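Residue numbers (our numbering), protein chains in the order written: chain A, 1 to 208; chain B, 209 to 283. In what follows, a structure is listed as structure tokens, so that the remarks can point back to it.
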């Protein structure tokens, strides 16, 4: 059951639809249910972004532990920190053991059509300043989360207007939009500072 | 109550029964076809790896020809 701050989702929805008529509430529920799986993904990604702290960092996934070597672009990159785990990939800060260079690398499921065409890992960012790389990654990830939230609202909007044109769909969509964007806003307020702190501590720990 | 009704910004969505065969897919569908997730598809769009379109509702869509670029079939 999806929870937010200890409340089950139904309570959050009740808060969002306070003052709604029965029909508007039904429209809200139906439209929100169509985006719920991705809303849950967004919630999980937000949680990870907010938890980017050294003591909270977990070893890599079972199939891809810390220190795993990824040979790419002529370099054997060693994973150092897992920055994010998405439903079908993992994103790591990696280090070149032979030179003071770092890379943010995304690893995909090897059997996916995308990985089979493009390789199972991709360098997203590369540079000699790990702190800066993590900061850039966090900014890009926040941007993607905002993009994701906007796209979810658009999906809900389509359902609300198609299925409930008589139930004040504009009002319904505004409530869903507020819920999606509030989720991302909270993330933005907290993550930037934490990402920088994390990178600084980690870089100090590596003696760079 | 007619007075409360807002103009439907997507009148064609429910009315167009003669829509052509689907030439584009949603982000979620693209993710399933590529074996990745929505976050990754949107990230690929932001990095300019693929050019998106928008449906009338504002939803991001990807033409199948664009999707083919990501699976090596459009090269």
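Don't be surprised by glycine CBs; every beta carbon is placed ideally from N, CA and C. Since the structure is predicted, the reported quantities are computational estimates derived from the model, not experimental observations.
- The beta carbon of residue 114 of chain A sits closer than 8 Å to some beta carbon of chain B.
- For residue 17 of chain A, no alpha helix (DSSP H) encloses it, and the DSSP letter there is neither H nor E.
- Pairing residue 244 of chain B with residue 114 of chain A gives a Cβ-Cβ distance under 8 Å.
- By a beta-carbon distance limit of 8 Å, residue 104 of chain A does not contact residue 70 of chain A. Their separation comes to about 12 Å.
- Per the DSSP secondary-structure output, residue 125 of chain A pairs in a beta bridge with A:104.
- Listed in chain order, the positions of the region 267-279 of chain B with a beta carbon within less than 8 Å of a beta carbon of chain A are 267, 268, 278 and 279.
- When 7 Å is used as the limit between beta carbons, residue 147 of chain A is near these residues of chain B: 250 and 254, in chain order.
- Contact annotation: residue 145 of chain A and residue 47 of chain A have beta-carbon atoms that are not nearer than 8 Å.
- Between residue 177 of chain A and the set A:168, A:154, A:143 and A:166, the nearest pair of CA atoms involves A:154.
- For residue 88 of chain A, the C-beta contacts it makes with chain B under 8 Å involve 239, 243, 244, 245 and 248, in order along the chain.
- In the three-state reduction of the DSSP assignment, residue 257 of chain B falls in the coil class.
- By alpha-carbon distance to residue 182 of chain A, the top candidate from A:31, A:117, A:42 and A:23 is A:42.
- At a C-beta separation below 7 Å, residue 108 of chain A has these neighbours in chain B: 244.
- Counting along the chain, residue 96 of chain A sits inside the beta strand (DSSP E) bounded by residues 89-96.
- The region 124-140 of chain A and the region 161-173 of chain A do not touch, with fewer than three beta-carbon pairs separated by less than 8 Å.
- Interface flag for residue 261 of chain B against chain A is unset, since no Cβ pair is found closer than 8 Å.
- With respect to the 8 Å criterion, residue 39 of chain A and residue 180 of chain A are classified as neighbours on the basis of their beta carbons.
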